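Single-structure report; data block below.
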Amino acid sequence: MFSSLQPKCKISASRKLSLKMLLLNRAMEDLEREKQDRDEEKIRYLDEKMPPLQLAGLSLADLQNLCRELYEKIDVVDEERYDCENKVIKHNKDIHELKLKVQDLGGKFKKPALRKVRVSADEMMRALLGSKHKGSMDLRANLKSVKKEDIKQEKVGEVGDWRKNVEAMSGMEGRKKMFDAAGGGQ
1 MFSSLQPKCK ISASRKLSLK MLLLNRAMED LEREKQDRDE EKIRYLDEKM PPLQLAGLSL
61 ADLQNLCREL YEKIDVVDEE RYDCENKVIK HNKDIHELKL KVQDLGGKFK KPALRKVRVS
121 ADEMMRALLG SKHKGSMDLR ANLKSVKKED IKQEKVGEVG DWRKNVEAMS GMEGRKKMFD
181 AAGGGQ
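Take 1 as the starting number for the sequence shown in full-length UniProt numbering and just add one per residue.
Next comes the structure, spelled out in structure tokens:
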């Protein structure tokens, strides 16, 4: 009965550290080997695609022909590079779309960080309605208009409007009235 409940084998901290160091050393060696392999592959590819040039003893016409040939080779290589770049871009887009599909299927969606964007009312309506939106959005036009007569009737019960006094006393005319009222114009 107790034989199945044996304690788990524990590795000492020093043993863990030594194993970790061995794994890191092995990984570093593998990386170095991969780098050397890539360098050798690059050298082999360049030797295959571009043999060394023999320019000594060539006439002007031969040099011009050689330049044309090199130019044509450069065009071919540029086309290949362009095609490869487009393939990489397309594959990256496909990978991104597949990641989004996997996230949707998993039910966990990582919300992107949103940025504040200032948008006017016209731009917002144009974005929402598209070509249906015509003219500018005049928010004041939709407000309820208030008749001035109603306002005057409400103010009849008031003692006086202080704004009238301020307007009357503003400017040079108001100062003249104050001067005259104080008896300065005798």
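For every residue, glycine included, the Cβ atom is placed at its ideal position computed from N, Cα and C.
Everything numeric in this text was worked out from a predicted model, so none of it was measured.
- Residue state for residue 88 is assigned as helix, using DSSP reduced to three classes.
- If you draw a straight line from the Cα of residue 74 to the Cα of residue 83, it is about 14 Å long.
- Counting only runs of 4 or more residues that sit fully inside the segment 27–79, no alpha helix (DSSP H) segment turns up.
- In the structure shown, residue 117 falls within a coil segment according to DSSP collapsed to helix, strand and coil.
- Separation of residue 94 and residue 59 (C-alpha to C-alpha, rounded to the nearest whole angstrom) is 52 Å.
- Residue 47 and residue 17 have their C-alpha atoms some 45 Å from each other.
- Distance from the CA atom of residue 28 to the CA atom of residue 22, rounded to whole angstroms, is 10 Å.
- One Cα belongs to residue 41, the other to residue 91, and the distance between them is close to 24 Å.
- Going by C-alpha positions, residue 71 is about 39 Å away from residue 97.
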